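Residue 216 in my numbering sits at position 57 of the sequence shown, with consecutive numbering throughout.
Don't be surprised by glycine CBs; every beta carbon is placed ideally from N, CA and C.
In this text, all values refer to a predicted model and were calculated from it rather than measured experimentally.
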Amino acid sequence: MDINNIKIDDVPTTTEELKAYEEKFSKPTQKSIDEKMTAEKKAFIDKQPSDTEMEEKIVEHLKLIYDPELPVNIYDLGLIYEIKCWTNDVSMLKMCKITMTLTSATCSFSNVIVDLVKSIVSRQSGLENIDVDIVFDPPWGQDSMSDEAKLAMGLL
């Protein structure tokens, strides 16, 4: 074996070859592993959107989901009360909770709307989960609608 041209699959047979092999392919220490993991974790997190940025991306997706019975998206309709996102400490991906309501407690499309909201996960990178909490307090009313929604429904 040429000690100046050692390869990872070479097998050292002399003390000199072993020394050269260990210098070139030294075993990582726990400290070096921890440092590398910390650096990789930081690089991954730095590429992820902030909580606020993810919340803004969620709003963009919500504006693409329309109430099946009305010509207005669920965000402008005022069905979304709160969007809260945070980073999962294990996966380093975002988790979000959306608190929303429906136009009626007897809405026949409630499952469809909730499923569409939950499906945002499949279209948004960096997002691991969306939990949807349906509430009816405060109740939805036309005053919850944006001006664009009111205009689309002929209320302005």
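Inter-residue distance for PHE295 and ASP235 is about 17 Å (C-alpha atoms, whole angstroms). Closest option to ASN163, judged by alpha-carbon separation, among ARG282, ASN232, ALA179: ALA179. Per the coordinates, the alpha-carbon of ASP302 lies some 42 Å from the alpha-carbon of PHE203. Residue pairing for ASP290: DSSP places it in a beta bridge opposite LYS256.
ASN232 is bridged by DSSP to TYR225.
Only residues of its own chain outside the window of five on either side were considered, and among them ASN247, SER250, LEU252, LYS253, MET254, VAL280 have a CB closer than 8 Å to the CB of GLU287, listed in chain order. Per the coordinates, the alpha-carbon of ASP193 lies some 10 Å from the alpha-carbon of PRO187. Secondary structure note for THR174: its alpha helix (DSSP H) is the uninterrupted segment 174-183. Under the DSSP assignment, LYS243 falls outside any alpha helix (DSSP H), being part of the beta strand (DSSP E) whose first and last residues are 239-246.
In the same chain as LYS183, and ignoring 5 residues on each side of it, the C-beta atoms closer than 7 Å to its own belong to ILE165, in chain order.
Check the Cα spacing between ILE217 and each of LEU229, ASP226, ILE233: the tightest is with ILE233. Here the alpha carbon of ASN270 sits roughly 57 Å from the alpha carbon of SER185.
By the neighbour-count criterion, in which 16 or more other beta carbons inside 10 Å mark a residue as buried, GLY313 falls on the exposed side. A straight line joining the alpha-carbon of LEU229 with that of TRP245 spans about 32 Å. DSSP, read as helix, strand or coil, puts ILE279 in helix.
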